[in-house]
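Just below is one structure, and these are the notes that go with it.
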Amino acid sequence: MDWLDALQWPAMAVTVLATWLVGSSAAGRRKAGFWLFLFSNALWVGWGLHTSAWALVVLQFALAALNLRGQAKAEREQKDRDHTAGAAPGP
């Protein structure tokens, strides 16, 4: 078995760790989980290209795009909350 065949195992482990971290109540752990998910997407793409698992490759790109979309939405919502919290009270 060459190293690309073995890539599925670290990809799986990173995916499980990322899932664990994004379920945390600590913001730092959730952010680490987000980055680990993107890393796991890259690992799965590498393995999928090597094994010609085209559906898996497409799935990983879709999941990465959804993660990025969710992160952007969360950041916008946090900015809105921060802006609202800092606004002067009305008359």
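In terms of our numbering, the sequence shown opens at residue 63 and continues consecutively.
Beta carbons are placed, not taken as given, at the ideal position from N, Cα and C, and that holds for glycine.
On a predicted model such as this, the values are computed, not experimentally measured, just so you know.
Item	Value
Taking all protein chains shown into account, decide if V120 is buried (16 or more other Cβ within 10 angstroms of its Cβ) or exposed.	exposed
Put R74 into one of helix, strand or coil per three-state DSSP.	At residue 74 the sequence reads Met, which differs from the Arg that was named. Three-state DSSP puts M74 in a helix.
Can you grab the Cα-Cα spacing for the pair R131 / L125, in whole Å?	10 Å
Looking only at C-alpha atoms, which of R138, G110, L83 sits nearest to W201?	No answer is possible for residue 201: the residues shown for the chain start at 63 and end at 153.
Do you know how far the Cα of W109 is from the Cα of D67?	7 Å
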